[in-house]
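Participant:
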Amino acid sequence: MIASAKEAPMPRNRQIFHDPKDELPPVTIEILKGDLMRFTQIDAEGRANVVTLSPRHGVQRGSFGVPLPQAGDLKAEA
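The number in the working numbering is simply the position in the sequence shown, starting from 1, with 159 added.
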């Protein structure tokens with residue numbers, strides 16, 4: 160991909176995905192420091208919808224940022 164002089168190339172840690180049917184706004188995916196991923200979508204009214212994911216934190220029934228159990232805390236059940 161060759162970028163023109165007017166537009167800078169997209170940083171490797173950020174990509175924009177477009178809906179091929181053009182039914183949904185584009186989604187920007189960024190990889191941030193500390194193994195964080197951020198998904199951002201701007202809706203038709205200009206509101207930002209942002210979801211940040213981390214392997215160290217989880218979502219448990221409406222609670223965000225809950226530390227995930229350590230590997231020693233997990234138990235296999237049959």
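Cβ coordinates follow ideal geometry from the N, Cα and C atoms, glycine included.
So which of Val186, Arg171 and Ala203 has the shortest CA-CA distance to Thr211?
Facilitator: Val186
Participant: Does the Cβ of Ile175 have 16 or more other Cβ atoms within 10 Å, making it buried, or fewer, making it exposed?
Facilitator: So Ile175 ends up on the exposed side.
Participant: Go ahead and pull the three-state DSSP assignment for Asn208.
Facilitator: strand
Participant: With DSSP run on the structure shown, which of helix, strand or coil describes Leu191?
Facilitator: strand
Participant: Using DSSP with H/G/I as helix, E/B as strand and the rest coil, what is Arg171?
Facilitator: coil
Participant: Here's a check: name, in chain order, each residue in its chain whose Cβ is nearer than 6 Å to the Cβ of Lys192, leaving out the five neighbours to either side.
Facilitator: none
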